[in-house]
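Notes follow once the structure below has been shown.
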Amino acid sequence: MPAPYRGFRWERADGVGTVVLDRPDKLNALTFEVYDELVRLFAEVGSDAAVKAVVIRGEGRAFCSGGDVNEIIGKLLDRPLEDRLAFTRTTCALVRNIRSCPQPVVASLHGAVAGAGAVIALTKVGLSGADMGAAWLLPRVVGLGRASGILLLGDAVPADEAHRIGLVHRVVPDGDLAAETAALARRLADGSEAGIRATKRMLREEEALGFDAALEAEAAGQAALLGGPDHREYHRAFNEKRKPVFRKPGA
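Written out as structure tokens, the structure reads:
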């Protein structure tokens, strides 16, 4: 990977890359530098053969409280429109790069997950709730009705409710979060890299396709994977009655 990233920690171990937001005294509020560097990381991580899964977590009492009120919002108030637009495009580029990087990304959430940290509750600070792709992404996850309520009212969504409506994948006791996150990332990193990357890519690309086009895209994708090294390893393992061992990062 290129030069070290600034504004957060980037760690790699045994196939898992971890982004650690580490401004705990500010509830990991984001700065201009953090946004720029996260955009750079997710543009570059796809070519890092040593990373098969990515985790994002926050230090201290919260995951992320959003954009820093003074470091970002205060400094943008009197800037010209083109400067404000350049910043909002950067925030959108971050979401785009996270979605387009080939590795699966696991968000390990605890405490406050607000503002840009969750792309919700922005109406309460005088901004549109349609930010960083939220008005496009959220209805596809929880439905238009629930998404409208979340984005228009800006109310907090408790963890159990977030799980019930499909906003988060899993809810665990706070003391178990680190272990559960590590276990989930391990499962992804030990899985078939080719299969997982193809699945993430198809989930993204099929959003713009009609059903017939999606079927053809999936047929082409499966045909490309059939006979590949991961599928061959699964076939051998099945017949040898053992667990498949897929290629390690960079192998």
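Residue numbers (my numbering): 1079 to 1329. By construction, the Cβ of each residue, glycine as well, lies at the ideal position given by its N, Cα and C atoms.
Local Cβ density within 10 Å of residue i, reported as buried at 16 or more and exposed below that
i     : result
K1321 : exposed
L1116 : buried
T1096 : buried
F1120 : buried
D1093 : According to the sequence shown, residue 1093 is Gly rather than Asp. It counts as buried.
S1143 : buried
A1164 : exposed
D1209 : buried
F1316 : exposed
Cutoff 7 Å; reference residue i; Cβ partners in own chain excluding five residues on either side
i     : result
T1109 : G1085, D1146, E1149 and I1150
G1227 : none
V1220 : I1243, G1244 and L1245
G1288 : none
G1211 : C1170 and V1173
Through-space distance from residue j to residue i, alpha-carbon basis
i     : j     : result
E1271 : T1166 : 33 Å
S1178 : P1158 : 30 Å
A1192 : G1232 : 10 Å
A1268 : K1153 : Rather than Ala, the amino acid found at residue 1268 in this sequence is Asp. Looking at the two C-alpha atoms, the distance is approximately 44 Å.
A1185 : E1311 : 30 Å
V1235 : G1138 : 21 Å
A1276 : D1161 : 37 Å
K1319 : E1258 : 28 Å
R1087 : E1296 : 37 Å
D1238 : V1323 : 35 Å
L1304 : V1123 : 26 Å
E1308 : G1273 : Checking the displayed sequence, the identity of residue 1308 turns out to be Asp instead of Glu. About 8 Å.
A1291 : E1283 : 11 Å
K1278 : P1180 : 7 Å
P1102 : E1089 : 18 Å
D1252 : A1140 : 11 Å
E1294 : M1280 : 11 Å
Beta-ladder partner(s) of residue i, from DSSP
i     : result
A1091 : V1094
C1142 : V1191
D1178 : Checking the sequence shown, residue 1178 turns out to be Ser, not Asp. Looking at the DSSP assignment, S1178 forms no beta bridge with any residue, so it has no partner.
R1135 : V1098 and S1186
Same chain, Cβ closer than 6 Å to residue i, neighbours up to 5 away in sequence not counted
i     : result
L1266 : A1131 and P1182
Own chain, CB closer than 8 Å to residue i, minus 5 neighbours either side, in chain order
i     : result
I1176 : F1120 and V1183
E1111 : R1084 and G1085
**Request:** Within the segment 1103–1131, note down every full alpha helix (DSSP H) run reaching 4 residues or more, in order along the chain.
**Result:** 1110–1122
**Item:** 4-residue-minimum alpha helix (DSSP H) runs that sit fully inside the segment 1273–1321, ordered along the chain
**Value:** 1289–1303 and 1307–1317
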